[in-house]
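**Student:** One line per chain: the protein sequences are A and B, in this order.
By our numbering, the letter at position 205 of the first sequence is numbered 425, and the numbering carries on one by one without gaps.
By our numbering, the letter at position 231 of the second sequence is numbered 232, and the numbering carries on one by one without gaps.
From the three backbone atoms N, C-alpha and C, an ideal C-beta is built for every residue, glycine too.
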Amino acid sequence: MNAPLIEAEARATPVLVASSLSKRFPVGRPRLFARARRPLLHAVDRVSLAIGAGETVGLVGESGCGKTTLTRMLARLIDPTEGRILFGGEDLAAIPAARFARHPARAAIQMVFQDAEGSINPRFTAFEAIAAPLRRLRGLRGAALAASVERAAERCGLPKALLGRFPHQLSGGQKARVGIARAIATEPKLLILDEPTSALDVSVQVVILHLLAELRRALGMSYLFVSHDLNVVRLICDRVAVMYLGRIVEEGPAEAVFRSPAHPYTRALVDSIAIPGQKRAGARIRLTGDPQSPIDPDPEACRFHGRCPRGEALCGRAAPPEVSPAPGRRALCHFPLLEPA
Amino acid sequence: MPQPPLLAIEHLAVEFRTRSGVVRALENVSFAIARGETVGVVGESGSGKSVTAYAVMRLLDPSARVTSGKIVFGGLDMLAADEATLAEMRGRELAMIFQNPRASLNPIRRVGDQIADVLRRHANLGARAAADRAVALLAEVGIPDPSRRARAYPFELSGGMCQRVGIAIALACRPALLIADEPTTGLDVTTQATIMDLVAELGAARGMATMLITHDLGLATERCDRVVVMHAGHVVEDAPTEALFARPRHPYTARLLAATPRPGVTLAGLSPIPGGLPDLRRDDLPPCRFAARCDRRRDDCLAGPLPLQIEGARRVACRHPL
Chain A
221 MNAPLIEAEA RATPVLVASS LSKRFPVGRP RLFARARRPL LHAVDRVSLA
271 IGAGETVGLV GESGCGKTTL TRMLARLIDP TEGRILFGGE DLAAIPAARF
321 ARHPARAAIQ MVFQDAEGSI NPRFTAFEAI AAPLRRLRGL RGAALAASVE
371 RAAERCGLPK ALLGRFPHQL SGGQKARVGI ARAIATEPKL LILDEPTSAL
421 DVSVQVVILH LLAELRRALG MSYLFVSHDL NVVRLICDRV AVMYLGRIVE
471 EGPAEAVFRS PAHPYTRALV DSIAIPGQKR AGARIRLTGD PQSPIDPDPE
521 ACRFHGRCPR GEALCGRAAP PEVSPAPGRR ALCHFPLLEP A
Chain B
2 MPQPPLLAIE HLAVEFRTRS GVVRALENVS FAIARGETVG VVGESGSGKS
52 VTAYAVMRLL DPSARVTSGK IVFGGLDMLA ADEATLAEMR GRELAMIFQN
102 PRASLNPIRR VGDQIADVLR RHANLGARAA ADRAVALLAE VGIPDPSRRA
152 RAYPFELSGG MCQRVGIAIA LACRPALLIA DEPTTGLDVT TQATIMDLVA
202 ELGAARGMAT MLITHDLGLA TERCDRVVVM HAGHVVEDAP TEALFARPRH
252 PYTARLLAAT PRPGVTLAGL SPIPGGLPDL RRDDLPPCRF AARCDRRRDD
302 CLAGPLPLQI EGARRVACRH PL
């Protein structure tokens with residue numbers, strides 16, 4: 221048996237495919253009988269992304285680039301303006317967020333939030349926090365419920381003795397475990413993790429990252445991993461998608477993207493990583509200039525134009541094409557950086 | 002003849018009185034910062050990094066008590082100084098930037114006015130001159146359209162912008178020492194780099210020293226001349242940055258580095274630090290507070306005072322260093 225081959229095949233079957241997904245928010249004051257259309261903030265713009273079975277996809281980019289809006293659409297907490305979300309042979313984008321709570325796919329897509337403290341009801345014990353999704357989505361009660369809660373807690377390394385405690389009685393690492401246990405209790409296919417370790421100390425972070433890797437293996441889940449910490453993304457992600465002002469500007473295998481970024485923005489991002497215990501050789505790329513406004517952006521220009529160290533006049537006149545610098549990789553750029561021969 | 006350091010912290014001990022007992026937050030903390038030097042202070046949450054900074058600023062909570070030790074800044078005994086001297090010192094010679102830039106600004110005052118306040122208080126500028134200088138400072142910290150932004154309230158600015166305002170306030174009177182308490186935590190990597198460049202450039206131009214408190218070993222590697230490692234209220238190691246990370250001598254420094262994600266190391270290659278910080282309320286804390294988590298522990302680690310080994314520019318508080 222060739223295990224890597226089987227794994228590669230499993231990854232080739234996506235659990236979720238987002239195609240041309242957009243979210244635009246009207247901004248400014250609504251005017252009665254106004255002739256002019258209200259300005260629109262393009263939070264997410266024509267994003268396509270596939271997440272393979274058992275795969276961990278990293279989503280990176282600066283604050284305000286649309287990472288959170290994208291994850292909220294994929295988790296079906298908010299409705300997309302346009303586009304499709306294919307999951308289990310169904311277009312989830314067609315189901316309004318308000319109705320999605322009762323849809324069977326709700327249990328199959330779960331989220332782990334950044335702030336474990338703030339995302340757990342302070343008046344719920346750890347047991348109740350983990351039990352809530354099992355009650356609502358699986359209809360479990362009584363002994364069956366208790367057994368499922370205990371199984372989820374055990375998988376996350378939470379001792380039974382801690383299940384009666386309230387969030388304020390738990391340490392940061394234990395709260396993170398409760399947040400993860402609650403998300404995996406319904407045995408989801410896709411787990412969306414929004415900065416799950418950014419509030420933790422390195423010693424606790426390692427433990428949680430090991431736990432996440434182990435859970436993914438044991439339960440066969442896929443992860444969408446949103447993080448600012450590029451060292452962590454590089455460590456645990458198979459593929460990475462880089463967002464800039466609402467668009468995915470580069471996507472590909474994490475190792476390849478980090479080693480030889482094709483998009484100038486990715487290059488600047490990768491270059492800004494500080495490596496512990498290793499002094500930087502040479503000067504860092506500095507991004508100058510202001511980001512463009514996400515409100516009614518010019519459709520005939522690259523979003524990175526004005527800050528891009530490689531930008532030319534063309535970038536301000538024409539939207540960049542999608543290029544593929546290598547198999548399995550894509551970038552939105554007129555002048556992508558190509559791997560040195 | 003060697004110059005006396007700009008800041009010397011000697012055998013500092015700080016306790017907090019809480020309802021559940023006395024927390025021995027700092028014990029025998031000593032380190033120095035020379036003029037123009039950038040010194041990193043690293044360690045997990047609860048290691049005493051911020052308490053040390055607040056003790057230097059004399060901004061500790063009323064429940065805190067300095068039980069022993071000395072803090073000498075620019076020849077002044079900070080612990081003996083009266084409030085009037087301290088108020089003169091803070092903002093002029095000694096400045097601080099905080100982790101949460103938006104929360105450290107006054108939410109109902111325009112940012113330009115907040116910068117002007119410092120200048121009027123410490124640089125004896127009139128209202129008009131201070132307002133003009135505030136706009137110039139905003140330009141200096143790289144805020145585009147500074148005269149318009151000076152009239153903005155903190156909520157109208159992004160996190161990175163607020164941190165720039167914090168830096169403008171801190172650097173308004175050209176302090177000799179800047180204490181930066183996790184200045185870039187929560188900011189994007191690209192913003193992080195620009196903020197730290199700004200601190201480094203302005204610092205170098207003015208010969209300013211910086212105490213950089215961070216839990217990010219990458220940031221410490223990149224920005225600091227020297228790094229002080231703290232654990233549970235103790236300084237466990239203090240060495241020039243490159244030497245410290247190339248060959249850590251204290252087991253905790255080595256463990257911290259081994260737990261930090263970095264290129265070329267797989268997840269399996271990262272090892273957690275066993276155990277957690279000891280309860281600092283205990284009466285029977287061992288002389289080495291890392292002993293319970295340490296795999297190099299021997300019987301003599303738990304007895305007698307902790308030896309401080311000095312090897313050139315490095316100090317290690319360990320009986321059995323690596």
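1) Below 8 Å on the Cβ atoms is my contact criterion, and I expect His483 of chain A with Pro547 of chain A to pass it. Report the Cβ-Cβ distance as a whole number of Å.
2) Which term fits Pro155 of chain B, buried or exposed, when burial requires 16 or more other beta carbons within 10 angstroms of its beta carbon?
3) Which whole-angstrom value is the C-beta distance of Ala151 of chain B and Val112 of chain B, which I expect to be below 8 Å?
4) Going by DSSP, which residues form a beta bridge with Ser442 of chain A?
5) Residues of the stretch 487–517 of chain A in Cβ contact with chain B at a cutoff of 8 Å, in chain order, please.
6) Look at Gly311 of chain A and Arg304 of chain A and say whether their C-beta atoms are less than 7 Å apart.
7) For a contact meaning CB atoms closer than 9 Å, what does Gly219 of chain B contact in chain A?
8) When the cut-off is 7 Å and only beta carbons count, does Glu415 of chain A lie next to chain B?
9) When you compare each of A:Ile412, A:Pro300, A:Ser418 and A:Leu383 to Asp189 of chain B by their alpha carbons, which one comes out closest?
10) Between which two residues does the beta strand (DSSP E) holding Asn29 of chain B run?
11) Measuring CA to CA, which of A:Val543, A:Arg523 and A:Ser544 is closest to Cys535 of chain A?
12) Indicate whether at least one CB of chain A lies closer than 7 Å to the CB of Arg320 of chain B.
13) What is the rounded straight-line gap between the Cα of Thr19 of chain B and the Cα of Asp284 of chain B?
14) Would you kindly report the start and end of the unbroken beta strand (DSSP E) that includes Lys71 of chain B?
15) Kindly say whether Ala482 of chain A, judged by its beta-carbon, lies nearer than 7 Å to any beta-carbon of chain B.
16) Determine whether the Cβ of Ala381 of chain A lies closer than 7 Å to any Cβ atom of chain B.
17) What residue range does the alpha helix (DSSP H) around Gly303 of chain A cover?
18) Under 7 Å, Cβ to Cβ, is there at least one residue of chain B near Leu455 of chain A?
19) Between the alpha carbons of Leu241 of chain A and Ala328 of chain A, how many angstroms are there, rounded?
20) 7 Å is my cut-off, CB to CB: does Ala433 of chain A come that close to chain B?
21) Using a 10 Å radius around the Cβ and a threshold of 16 neighbouring Cβ atoms, would you call Val247 of chain A buried or exposed?
22) Residues of the stretch 279–310 of chain A in Cβ contact with chain B at a cutoff of 7 Å, in chain order, please.
23) Beta-carbon separation of Pro262 of chain B and Leu455 of chain A under 7 Å?
24) Please find out if some non-hydrogen atom of the ligand NAD comes closer than 6 Å to the beta-carbon of Lys287 of chain A.
25) Measure the C-alpha to C-alpha separation of Arg110 of chain B and Ala153 of chain B and round it to an integer number of angstroms.
26) Rounded to whole angstroms, what is the Cα-Cα separation between His430 of chain A and Ala373 of chain A?
27) Answer yes if the stretch 255–269 of chain A comes into contact with the stretch 501–520 of chain A, meaning at least three C-beta pairs across the two stretches below 8 Å, and no otherwise.
28) Expressed to the nearest angstrom, what Euclidean distance is found between the alpha-carbon atoms of Arg282 of chain B and Ser21 of chain B?
29) For the alpha helix (DSSP H) containing Gly272 of chain A, list its first residue and its last residue.
30) Would you mind stating whether Ala263 of chain A and Arg296 of chain A have Cβ atoms separated by less than 7 Å?
31) Measure the CB-CB distance between Ala14 of chain B and Ala33 of chain B and report whether it falls below 7 Å.
32) Give me the Cα-Cα distance between Glu16 of chain B and Arg25 of chain B, rounded to the nearest whole angstrom.
33) For Met182 of chain B, count neighbouring C-beta atoms within 10 Å of its own C-beta (all shown protein chains included) and say buried if the count is 16 or more, exposed if not.
**Tutor:** This is what the structure holds:
1) Working through the first sequence from its first residue, we reach residue 483 of chain A at position 263. Working through the first sequence from its first residue, we reach residue 547 of chain A at position 327. Contact flag wrong, Cβ pair sits at about 17 Å.
2) If you number the second sequence from 1, residue 155 of chain B lands on position 154. With 16 or more other Cβ atoms within 10 Å, it is buried.
3) The count along the second sequence starts at 1 and reaches residue 151 of chain B at position 150. The count along the second sequence starts at 1 and reaches residue 112 of chain B at position 111. Contact holds; Cβ gap of about 6 Å.
4) Residue 442 of chain A sits at position 222 when you count from the first residue of the first sequence. The partner list for Ser442 of chain A (beta bridge, DSSP) reads A:Leu410.
5) Ala488, Leu489, Ser492, Ile493, Ala494, Ile495, Pro496, Gly497, Gln498, Lys499, Arg500, Arg504, Arg506, Leu507 and Asp510
6) Taking the first sequence and counting its residues from 1, the one referred to as residue 311 of chain A is at position 91. Taking the first sequence and counting its residues from 1, the one referred to as residue 304 of chain A is at position 84. First, the amino acid is wrong: residue 311 of chain A is Asp here, not Gly. Yes, the Cβ-Cβ distance between Asp311 of chain A and Arg304 of chain A is below 7 Å.
7) What you label residue 219 of chain B is simply residue 218 of the second sequence in a count that begins at 1. In chain order: Asn451, Ile493, Ala494, Ile495, Pro496, Gly497 and Gln498.
8) The residue given as residue 415 of chain A occupies position 195 in the first sequence. Chain B contact via Cβ: absent.
9) Taking the first residue of the second sequence as position 1, residue 189 of chain B is located at position 188. When each option's Cα is compared against that of Asp189 of chain B, the closest is A:Ser418.
10) Looking up residue 29 of chain B in the second sequence gives position 28. That run of the beta strand (DSSP E) goes Gly22 to Ile34.
11) Along the first sequence, read from residue 1 onward, the residue named residue 535 of chain A stands at position 315. With distances taken between Cα atoms, Cys535 of chain A lies closest to A:Arg523.
12) For the purposes of this step, residue 320 of chain B is identified with residue 319 of the second sequence, where counting begins at 1. Answer no: the Cβ-Cβ gap between Arg320 of chain B and chain A never drops below 7 Å.
13) Walking along the second sequence from the start, residue 19 of chain B turns up at place 18. Walking along the second sequence from the start, residue 284 of chain B turns up at place 283. About 14 Å.
14) Position 70 of the second sequence, counted from the first residue, corresponds to residue 71 of chain B. First-last of the beta strand (DSSP E) with Lys71 of chain B: Ala65 to Phe74.
15) Reading the first sequence from its first residue, position 262 is the one you call residue 482 of chain A. Chain B contact via Cβ: absent.
16) One-based indexing of the first sequence puts residue 381 of chain A at position 161. Any Cβ of chain B closer than 7 Å to the Cβ of Ala381 of chain A would place that residue at the interface, and such an atom is absent.
17) Residue numbering aside, residue 303 of chain A sits at position 83 when the first sequence is read from its first letter. Counting along the chain, Gly303 of chain A falls outside any alpha helix (DSSP H), though it belongs to the beta strand (DSSP E) covering Glu302 to Phe307.
18) In the first sequence, the residue the question calls residue 455 of chain A occupies position 235. Yes - at least one Cβ of chain B is within 7 Å of the one on Leu455 of chain A.
19) Here residue 241 of chain A corresponds to residue number 21 of the first sequence, with the count starting at 1. Here residue 328 of chain A corresponds to residue number 108 of the first sequence, with the count starting at 1. About 20 Å.
20) Here residue 433 of chain A refers to the residue found at position 213 of the first sequence. Answer yes: the Cβ-Cβ gap between Ala433 of chain A and chain B drops below 7 Å somewhere.
21) Counted from its first residue, the first sequence places residue 247 of chain A at position 27. Val247 of chain A should be labelled exposed.
22) From the stretch 279–310 of chain A, only Glu282 and Ser283 have a Cβ closer than 7 Å to chain B.
23) Here residue 262 of chain B refers to the residue found at position 261 of the second sequence. Here residue 455 of chain A refers to the residue found at position 235 of the first sequence. Yes. Within cutoff.
24) Inclusion of the ligand NAD in the displayed structure is not the case, the ligand content being empty and no account of it being possible.
25) Against the second sequence, residue 110 of chain B aligns to sequence position 109. Against the second sequence, residue 153 of chain B aligns to sequence position 152. Taking the straight line joining both Cα atoms gives about 9 Å.
26) Residue numbering aside, residue 430 of chain A sits at position 210 when the first sequence is read from its first letter. Residue numbering aside, residue 373 of chain A sits at position 153 when the first sequence is read from its first letter. Cα-Cα distance, rounded: 16 Å.
27) yes
28) Here residue 282 of chain B is taken as the residue at index 281 of the second sequence, counted from 1. Here residue 21 of chain B is taken as the residue at index 20 of the second sequence, counted from 1. It is roughly 8 Å from the alpha-carbon of Arg282 of chain B to the alpha-carbon of Ser21 of chain B.
29) For the purposes of this step, residue 272 of chain A is taken as residue 52 along the first sequence, with counting starting at 1. Unbroken run through Gly272 of chain A is the beta strand (DSSP E), Leu260 to Gly272; no alpha helix (DSSP H).
30) Locating residue 263 of chain A in the first sequence gives position 43, counting from the first residue. Locating residue 296 of chain A in the first sequence gives position 76, counting from the first residue. No, the pair does not count as a contact, with Cβ atoms beyond the cut-off.
31) Residue 14 of chain B sits at position 13 when you count from the first residue of the second sequence. Residue 33 of chain B sits at position 32 when you count from the first residue of the second sequence. It is not a contact, given that the beta carbons lie outside the stated cut-off.
32) Locating residue 16 of chain B in the second sequence gives position 15, where the first residue counts as 1. Locating residue 25 of chain B in the second sequence gives position 24, where the first residue counts as 1. One C-alpha to the other measures close to 5 Å.
33) In the second sequence, counting from the first residue as 1, residue 182 of chain B sits at position 181. The question names Met, yet the displayed sequence has Asp at residue 182 of chain B. Asp182 of chain B counts as buried, since no fewer than 16 other beta carbons sit within 10 angstroms of its beta carbon.
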